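Accompanying notes for the structure given below.
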Amino acid sequence: MGEHVIAVIDQISGSLALLGGGTGSEGATPSLLEALPDPMKLDPWEIGFVVVLIALLYVFLKAAFFKPLIEVVDRRDAELEAGAARKAEVTATMETRQAEYATRLRELRAQAFEQRKALAQGATEERQALIDAARSQAAEQRHAALQTLGAQRDEARASLLSQVDALSDAMVQQLLKQA
């Protein structure tokens with residue numbers, strides 16, 4: 801096998817020498833096809849057969865492989881476009897719902913704030929009513945206590961005055977007895 805490789809290399813180098821206008825003794829330069837080694841020389845019928853074979857292979861591959869593949873790719877593109885349209889539709893619907901949700905949420909928060917405000921106002925009014933009731937009750941109790949104290953003071957004064965009169969009469973009697 802090594803000898804065969806060496807022979808092919810010698811033939812190629814000889815062919816290159818012929819292509820480059822080498823040192824051939826014949827004087828005429830052979831054509832490129834003539835310069836090729838014997839197994840590589842091409843017959844025009846073989847070239848035609850290969851061209852027809854490649855054309856048939858092209859037609860077969862186009863019909864059997866590329867056409868279904870292109871149909872699949874086109875269908876996929878159509879599905880992607882439909883999916884993109886559906887996505888845009890869903891996105892628009894979602895944005896609309898989010899806007900409605902945000903509006904409704906604002907309304908509910910405003911209502912909750914108003915209810916909280918009304919409850920706070922009611923609690924403040926109730927607390928003020930309780931404070932006013934407690935103040936009036938305390939004022940009544942104070943007034944009753946002051947009247948009771950005033951009556952007790954008047955009684956104590958009357959009692960003291962009567963005791964003073966009795967004591968002063970007793971002292972006068974005592975002093976008169978001594979004198």
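Numbering (the working numbering), first residue to last: 801 to 979.
Built from N, CA and C at the ideal position, the CB exists for glycine as well.
Since the structure is predicted, the reported quantities are computational estimates derived from the model, not experimental observations.
Quick one: Cα of residue i to Cα of residue j, how far?
i: leucine 819; j: leucine 856; result: For leucine 819, the pLDDT reaches just 49, beneath the cut-off of 50, and the residue's location in the model is therefore unreliable, although a value from the coordinates is still provided. Distance between the alpha carbons of leucine 819 and leucine 856 is about 35 Å.
i: glutamine 947; j: alanine 934; result: 20 Å
i: valine 873; j: threonine 893; result: 30 Å
i: alanine 929; j: serine 959; result: 44 Å
i: serine 962; j: alanine 951; result: 16 Å
i: alanine 970; j: isoleucine 931; result: 56 Å
i: glutamate 895; j: lysine 867; result: 41 Å
i: arginine 886; j: alanine 878; result: 12 Å
i: lysine 977; j: aspartate 954; result: 34 Å
i: isoleucine 854; j: leucine 869; result: 20 Å
i: valine 859; j: isoleucine 809; result: 38 Å
i: alanine 902; j: alanine 910; result: 12 Å
i: glutamate 881; j: lysine 841; result: 54 Å
i: serine 936; j: glutamate 914; result: 32 Å
i: glutamate 846; j: arginine 875; result: 41 Å
i: alanine 939; j: leucine 949; result: 15 Å
i: arginine 904; j: alanine 918; result: 21 Å
i: glutamate 803; j: proline 839; result: 16 Å
i: glycine 848; j: isoleucine 806; result: 32 Å
Please classify residue i as buried or exposed, where buried requires at least 16 neighbouring CB atoms within 10 angstroms.
i: alanine 923; result: exposed
i: alanine 912; result: exposed
Heavy atom of the ligand FMN less than 6 Å from the Cβ of residue i, yes or no?
i: phenylalanine 860; result: Because no ligand of any kind appears in the structure shown, any question about the ligand FMN cannot be addressed here.
By Cβ distance, which residues of its chain are closer than 7 Å to residue i, with the 5 residues on each side in sequence left out?
i: glutamate 900; result: none
i: alanine 752; result: In this structure the chain extends from 801 to 979, so residue 752 is not present and cannot be described.
With a CB to CB cut of under 6 Å and the five nearest residues on each side skipped, what residues in its chain are close to residue i?
i: arginine 897; result: none
i: glutamine 811; result: Pro837
Query raised in the report: Could you give the uninterrupted runs of the alpha helix (DSSP H) lying entirely in the region 856 to 918, keeping only those of 4 residues or more?
Result: none
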